[in-house]
Amino acid sequence: MPEVDSYKDCIIPAKRTGSTIPAEYADEKKLRAQPVILILGGPGTGRNTQCEKIVTKYGFTHLCIGDLLRVEATYCTPRGRQIRDTMQKGDNVSLDIVMELLRNNMLAKLDTAKGFLIDGFPRDVAQAEEFEKLVGLPKVVIMYECSPETMVARLLIRGQTSHRFDDNEETIKKRMDGYFKLKESIVNYYQNKKLLRKILGEESREDVFLKTCAVLDSLE
C-alpha cells in the first residue's frame, strides 16, 4: 500500500480510480442486492490475514477501509491532506468521507463482485446506520477479539516492516483507545440485530479461519 512521509511526496492524481463514479454506472438496486460481510476487530486482531483467506476460498471482493483511506491520503488534494492529518493523529476520518470512498469503490467493482467483504467498518453506530441507508443490512458481522497486550505486540512488530505512517507507538495507543471506546456500542447494535458473530483471534491463523468458515458456511 503506498505510503508517503510528507506532503512533498504526495501524488497528484490524474485519474481517480474508485473515487468518482459517473452517474450512468451507478446501479443502486444491484448494489443493494449484493451480499455483504462486515469484518470488525481492533488493530492487530488479524482481520487482514483472515480477509485474504476468505477471499481465496469464497471469492468475495475485499474492501479495507484503512487501505482506501491510506491511498486517498497520498493524493495532493485538500481531502488527501485532511485524511492524512487525521490518521496521523490516530483520529477517525469523518463519516461523509468514509461513506463516499466505500460506496464509490463498491460501485466501481459491482460488475465483477460476487459479494463484498468489508474490513474495518463500521467503526461506530453512525457509520453502521448510514451504511444501511445507502446499501442495506449485511449478511453477517464477524468480530475478531484479542487482548490489548496481543494487539499492541502485533502492531509494534508490524510497524518495524510496514512503514505505515499510522503504525507508531503513540498513534497505535490512540487508535486502540478509540476502538475500545466505541466497541461496546457497535457490539450492542449488531447483537440487537442478531448479526454479530465473535471469534477469538488469539488462536492460530488456521484455527481462526476454521471458525470463520463455520460462520460463513452457515449463511443461507
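104 is the number that the working numbering gives to position 101 of the sequence shown; each next residue is one higher, with no gaps. C-beta atoms are modelled at their ideal positions from N, C-alpha and C, and glycine is treated no differently. Computed from a prediction, not measured in an experiment: that's the story for all the values here.
On the three-state DSSP scale, how would you describe residue i?
i: ARG126; result: coil
i: PHE119; result: strand
i: VAL218; result: helix
i: VAL39; result: strand
i: ASN51; result: helix
i: GLY83; result: helix
i: ASN108; result: helix
i: LYS56; result: helix
i: HIS32; result: Checking the displayed sequence, the identity of residue 32 turns out to be Lys instead of His. Three-state result, LYS32: helix.
i: ASP2; result: Since the first residue shown for the chain is 4 and the last is 223, residue 2 is missing from the structure and cannot be characterised.
i: LEU113; result: coil
i: ASP94; result: coil
i: PRO25; result: Note that PRO25 scores a pLDDT of 49, beneath 50, so its modelled location is shaky; the value from the coordinates is reported in the next line. It is coil, neither helix nor strand.
i: VAL155; result: helix
List the DSSP bridge partners of residue i.
i: GLY201; result: Contrary to the premise, residue 201 reads as Lys rather than Gly in this sequence. Paired residue(s): MET146.
i: LEU66; result: ILE121
i: GLY44; result: TYR147
State the Cα-Cα distance for the pair residue i and residue j, rounded to the nearest angstrom.
i: GLN85; j: LEU66; result: 21 Å
i: GLU209; j: LYS56; result: 10 Å
i: VAL96; j: THR48; result: 21 Å
i: ARG82; j: LYS177; result: 22 Å
i: ILE202; j: GLN194; result: 14 Å
i: VAL7; j: PRO125; result: Any reading at VAL7 must be qualified, since the residue scores a pLDDT of 48, below 50, and its modelled position is unreliable; the value itself is stated next. Straight-line Cα distance between these residues: approximately 26 Å.
i: LEU72; j: PHE212; result: 26 Å
i: LEU198; j: PRO38; result: 13 Å
i: GLU103; j: VAL143; result: 22 Å
i: LEU137; j: ASN191; result: 21 Å
i: GLU135; j: VAL155; result: 32 Å
i: VAL218; j: THR77; result: 36 Å
i: ILE24; j: GLU75; result: Low confidence applies to ILE24: its pLDDT is 46, below 50, so where it sits in the model is not reliable, and the reading given next is rough at best. Straight-line Cα distance between these residues: approximately 15 Å.
i: THR52; j: GLU133; result: 27 Å
i: LEU158; j: GLY69; result: 14 Å
i: SER207; j: LYS214; result: 11 Å
i: THR115; j: ASP99; result: 26 Å
i: GLY93; j: ASP127; result: 15 Å
i: LYS196; j: ALA131; result: 12 Å
i: GLU205; j: LYS33; result: 37 Å
i: GLN91; j: GLU31; result: 34 Å
In terms of residues, what are the limits of the alpha helix (DSSP H) holding residue i?
i: GLU206; result: Careful: GLU206 lies outside any alpha helix (DSSP H) and carries neither H nor E.
i: ASN195; result: 172 to 195
i: LEU140; result: Segment: none, LEU140 is in no alpha helix (DSSP H) and carries neither H nor E.
Cβ pair count under 8 Å reaching 3, the stretch 101 to 114 against the stretch 185 to 193:
no
Is there contact between the stretch 35 to 50 and the stretch 143 to 153, where contact requires at least three CB pairs shorter than 8 Å? yes
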